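Numbering (the working numbering), first residue to last: 522 to 822.
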């Protein structure tokens with residue numbers, strides 16, 4: 522039989538609260554030596570003390586005993602799929618009840634909390650009662666806030682912050698939504714797009730447009746770079762001038778589409794110079810000169 526890990530759990534929870542063994546002993550009503558023995562694993566707390574310890578640390582007795590509370594990612598996904606199948610059914614009340622049961626059973630699994638929080642927000646529209654809808658949103662917020670405040674996995678915390686921004690925005694708490702987004706540093710999440718949506722809802726249109734225009738310029742520039750890289754790949758391999766021209770023309774037309782509004786931001790000299798150099802490599806000197814001439818015309822306009 523596996524050895525109980527209650528001593529390890531007590532040690533971690535005591536440290537998390539910033540308590541000494543003596544302070545914990547005084548709160549619970551035992552000696553410092555008793556706490557020390559629990560944490561070292563040389564003895565266990567009396568069974569009558571388990572509810573006291575669980576209540577003091579605000580966890581379940583199962584969590585205190587470290588009994589079946591650690592979930593693998595696969596198990597979380599399995600539970601999430603089970604709950605989602607209930608949410609997609611007709612009896613949403615049973616879905617809510619079952620999801621809450623899993624949260625109570627595995628209160629230390631922040632991955633599970635983020636999944637259940639997502640489901641509550643995703644399916645709250647299925648309820649006609651506005652009061653119950655708000656209850657689901659509030660519960661979802663509670664789960665994500667708990668994850669943000671207590672989870673040590675940065676990726677999960679930042680995904681929860683992203684979800685919170687949408688939840689806060691849905692109930693008119695726009696400043697909270699903005700604060701949540703500003704705490705995110707993961708560049709895989711499109712923070713600026715979400716921020717612009719919040720600012721529009723907040724009726725700060727000027728701020729929203731500034732963010733969106735910045736995103737637009739960035740994406741145009743990135744698309745131009747991608748087109749040039751693709752053209753370069755055909756230059757080095759197939760040496761297919763027709764495909765190369767197609768990508769380089771797309772590069773230029775993509776930027777010119779937004780001129781003159783952003784002409785100063787999205788200069789075309791790199792594209793024209795690159796085009797001219799390609800023609801020179803193919804021995805097309807006249808076309809190279811013509812491309813430089815087009816650059817001068819566009820630049821002077």
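Just so it is clear, CB atoms sit at the ideal spot from N, CA and C, and this is done for glycine as well. Model, not experiment: these values are computed from the prediction.
Might you give, ordered along the chain, the residues of its own chain that have their beta carbon closer than 7 Å to the beta carbon of residue i, omitting 5 neighbours on each side?
i	result
residue 594	632
residue 541	none
residue 645	654, 657 and 658
residue 608	616, 640 and 644
residue 534	578
residue 561	528
residue 800	808, 809 and 812
Starting from residue i, trace the alpha helix (DSSP H) in both directions and tell me its first and last residue.
i	result
residue 652	651-671
residue 805	Premise fails: residue 805 is in no alpha helix (DSSP H) and is neither H nor E.
residue 642	631-644
residue 542	542-549
residue 562	Looking at the DSSP string, residue 562 is not in any alpha helix (DSSP H), and its letter there is neither H nor E.
residue 730	726-757
residue 610	Taken as a continuous stretch (DSSP letters only), residue 610 belongs to no alpha helix (DSSP H), as it is neither H nor E.
residue 770	762-777
residue 717	712-722
residue 535	527-538
residue 498	An answer regarding residue 498 cannot be provided, because it is not within the stretch 522 to 822 covered by the chain.
If you drop the 5 nearest sequence neighbours on each side, which residues of the same chain put their C-beta closer than 6 Å to that of residue i?
i	result
residue 623	600
residue 684	665
residue 812	793, 796 and 797
residue 563	none
residue 698	686, 689, 690 and 719
Less than 8 Å between the CB atoms is what I'm expecting for residue i and residue j, so what's the real figure, rounded?
i	j	result
residue 701	residue 682	5 Å
residue 491	residue 722	Within the shown structure, residues of the chain are numbered from 522 to 822, placing residue 491 beyond reach of any answer.
residue 642	residue 592	In fact, because the Cβ distance is near 21 Å, the residues do not count as touching under 8 Å.
residue 741	residue 776	6 Å
residue 556	residue 546	5 Å
residue 736	residue 710	Not a contact, Cβ separation roughly 13 Å.
residue 648	residue 613	6 Å
residue 549	residue 570	7 Å
Return helix, strand or coil for residue i, following the three-state DSSP convention.
i	result
residue 811	helix
residue 700	helix
residue 689	helix
residue 572	helix
residue 818	helix
residue 617	helix
residue 567	coil
residue 695	helix
residue 682	helix
residue 795	helix
residue 800	helix
residue 627	coil
residue 705	coil
residue 598	helix
residue 648	coil
residue 677	helix
residue 593	coil
residue 552	coil
Grab me the residues of residue i's own chain with a C-beta within less than 8 Å of its C-beta, minus the 5 sequence neighbours each way, in chain order.
i	result
residue 804	none
residue 751	768
residue 668	631, 634, 635, 638, 677, 678 and 681
residue 575	581, 582, 584 and 585
residue 672	631, 678 and 681
Given the structure, does residue i come close to the ligand SAH, in the sense that its CB is under 7 Å from one of the ligand's heavy atoms?
i	result
residue 533	Among the ligands in the structure shown, none appear at all, so the ligand SAH cannot be discussed.
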